[in-house]
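Engineer: Dumping the structure here so I can ask a few things about it.
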Amino acid sequence: MERIPVAVLGATGMVGQWFVRLLSRHPWFEIAAVAASERSAGVPYGEAVRWIFPEGIPEAVRELPVVLPRPGIPGKLVFSALPAEVAGPVEEEFARSGYIVSSNARSHRYDPDVPIIVAEVNPDHLGLVELQRRKRGWEGFIVTGSNCSTAQLVLALEPLRRRFGVEAVVVVTMQALSGAGFSGVPGVAILDNVLPHIPGEEEKLAREPRKIWGRLTSEGIEEAGVRISAHCHRVATRDGHLEAVSVKLSRRAELGEVVEALEGFRGLPQELGLPSAPERPIVVRREPDRPQPRLDRDVGGGMSVVVGRIRPCPVLDWRLEILGHNTVRGAAGGAILNAELVVAKGLL
Ligand SMILES: NC(=O)c1ccc[n+]([C@@H]2O[C@H](COP(=O)([O-])OP(=O)(O)OC[C@H]3O[C@@H](n4cnc5c(N)ncnc54)[C@H](OP(=O)(O)O)[C@@H]3O)[C@@H](O)[C@H]2O)c1
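According to the working numbering, the residues represented by the sequence shown are 20 to 367, in order.
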């Protein structure tokens, strides 16, 4: 099969590099263009990027000249890892010009006609792009992935929501440094420390699951009524967000049923056999000291979430720890899986 040419916007950043790494060995997609800021434009990718991985820069991309993110660049499908401050109008321009944009930025997540997709959880919300195209008169469209902490939370809780209903969630996050971008948190601020505030994060975590778990209607998404209380912290791990979660279910569940629901869960990406879909989207660990970011973040190539310490909660119903790879499942990998879903559903 001939591979589909794609472009990466923000290709020199933390998430952008993950896109380049994952796409360079992708069976369906082939990187045709890399875009970044004025700082990098005009020079070969290999010179513009401060490469973060131990293996070398993929040969096919190293010599590609970095361009500015403007329509006209090759590729029908565009992956956006631009900062939110610039992504809004740029992504719109691409969609207006007929490109399909799979974005990691928050700029359009809350637009009523733009879906936030976590592929195993709400693949049906891709139906919203019809409304988007009709309303805006665009040939292309924008699909977003959720905030990184949200992606792993909604994925891990999805089997419980389907089987028992989820009414309320209290979540305390311990979020890795890579989540703040390449030059996000200064070393002197985080070394020997925990930062108890990540600007905007608690609001995103309280808001996005309600849209993702909402019902698609002909008018848009009817948000779910679940109550969410989030406490977000930045900690000195490199990759992998850990979340301590308490959850209130609508119906009573036994421990065995909870574990069975989590371990048995498979979504549409698994049914379709999409290339980035992990065989097991949720992996349950039984040891009392797992999951841990350093040991468990790469399970399923970083696309599985790992759940452990499932135990009763004396305030809500159940407590559990959820770990997800923030730059893979919570960013580049999630957006690639969403694009695979777009292709599989014949929307390209
Ligand atoms: N990190 C995560 O875990 C994570 C998770 C989910 C979502 N996100 C979202 O993904 C996006 C990227 O995050 P990141 O962590 O990868 O950020 P980052 O490391 O700061 O990278 C930003 C990228 O955007 C480019 N850029 C900056 N200003 C630009 C401009 N005016 N025009 C064109 N390109 C510009 C940069 O290019 P230069 O190198 O040329 O400056 C770089 O390639 C953000 O919207 C973020 O919120 C991140």
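Where a beta carbon is used, it is the ideal one built from N, C-alpha and C, also for glycine.
Does the Cβ of residue 25 lie closer than 7 Å to at least one heavy atom of ligand 1?
Structural biologist: Outside the cutoff, so no.
Engineer: Please list the terminal residues of the continuous beta strand (DSSP E) segment that includes residue 332.
Structural biologist: Residue 332 -> no beta strand (DSSP E), and no H or E assigned at all.
Engineer: For a test of your reading of the model: does the CB of residue 346 fall under 7 Å from any non-hydrogen atom of ligand 1? Yes or no.
Structural biologist: Because some heavy atom of ligand 1 lies under 7 Å away, the Cβ of residue 346 counts as near it: yes.
Engineer: Report the residue ranges of all beta strand (DSSP E) runs contained in full by the segment 197 to 236; include only those spanning at least 3 residues, in chain order.
Structural biologist: Here the runs fully enclosed are 234 to 236.
Engineer: Taking its Cβ as the centre, do 16 or more other Cβ atoms sit within 10 Å of residue 208, making it buried, or is it exposed?
Structural biologist: Exposed, because fewer than 16 other Cβ atoms sit within 10 Å of the Cβ of residue 208.
Engineer: Kindly examine ligand 1 and report whether one of its heavy atoms sits closer than 7 Å to the Cβ of residue 256.
Structural biologist: No, the beta carbon of residue 256 sits no closer than 7 Å to any heavy atom of ligand 1.
Engineer: Could you compute how far the alpha carbon of residue 323 sits from the alpha carbon of residue 63?
Structural biologist: For residue 323 and residue 63, the distance between alpha carbons rounds to 34 Å.
Engineer: Is any heavy atom in ligand 1 found nearer than 7 Å to the beta carbon of residue 108?
Structural biologist: False, no ligand heavy atom lies under 7 Å from that Cβ.
Engineer: Can you tell me where the alpha helix (DSSP H) holding residue 66 begins and where it ends?
Structural biologist: Counting along the chain, the alpha helix (DSSP H) containing residue 66 begins and ends at 64 to 67.
Engineer: Which residue wins for smallest C-alpha separation from residue 267, given the options 285, 279, 245?
Structural biologist: Selected option, being the one with the closest Cα: 245.
Engineer: Can you grab the Cα-Cα spacing for the pair residue 353 / residue 138, in whole Å?
Structural biologist: So the two alpha carbons sit approximately 8 Å from each other.
Engineer: Using the Cα positions of residue 71 and residue 35, report the straight-line distance between them to the nearest angstrom.
Structural biologist: Going from the Cα of residue 71 to the Cα of residue 35 covers about 11 Å.
Engineer: Tell me, to the nearest whole angstrom, how far the beta carbon of residue 157 is from that of residue 115; I am working on the premise that it is less than 8 Å.
Structural biologist: That pair is a contact at about 5 Å.
Engineer: Any heavy atom of ligand 1 within a distance shorter than 7 Å of the CB on residue 138?
Structural biologist: No, ligand 1 has no heavy atom inside 7 Å of this Cβ.
Engineer: In this structure, how does DSSP classify residue 158 when only helix, strand and coil are distinguished?
Structural biologist: In this structure, residue 158 counts as coil in the three-state DSSP scheme.
Engineer: Considering residue 24, what are the terminal residues of the alpha helix (DSSP H) in which it resides?
Structural biologist: Premise fails: residue 24 lies in the beta strand (DSSP E), 23 to 28, not in any alpha helix (DSSP H).
Engineer: List the endpoints of the continuous alpha helix (DSSP H) containing residue 371.
Structural biologist: Outside the displayed span of the chain (20 to 367) sits residue 371, for which this structure offers no information.
Engineer: Give the DSSP-derived three-state secondary structure of residue 163 in the structure shown.
Structural biologist: Residue state, collapsed to three classes: strand.
Engineer: Indicate whether residue 85 and residue 54 have their beta-carbon atoms separated by less than 8 Å.
Structural biologist: Yes, the Cβ-Cβ distance between residue 85 and residue 54 is below 8 Å.
Engineer: Can you tell me whether DSSP reads residue 76 as helix, strand or coil?
Structural biologist: Residue state, collapsed to three classes: coil.
Engineer: Is residue 35 near ligand 1, going by C-beta to nearest heavy atom under 7 Å?
Structural biologist: Yes - ligand 1 has a heavy atom lying nearer than 7 Å to the Cβ of residue 35.
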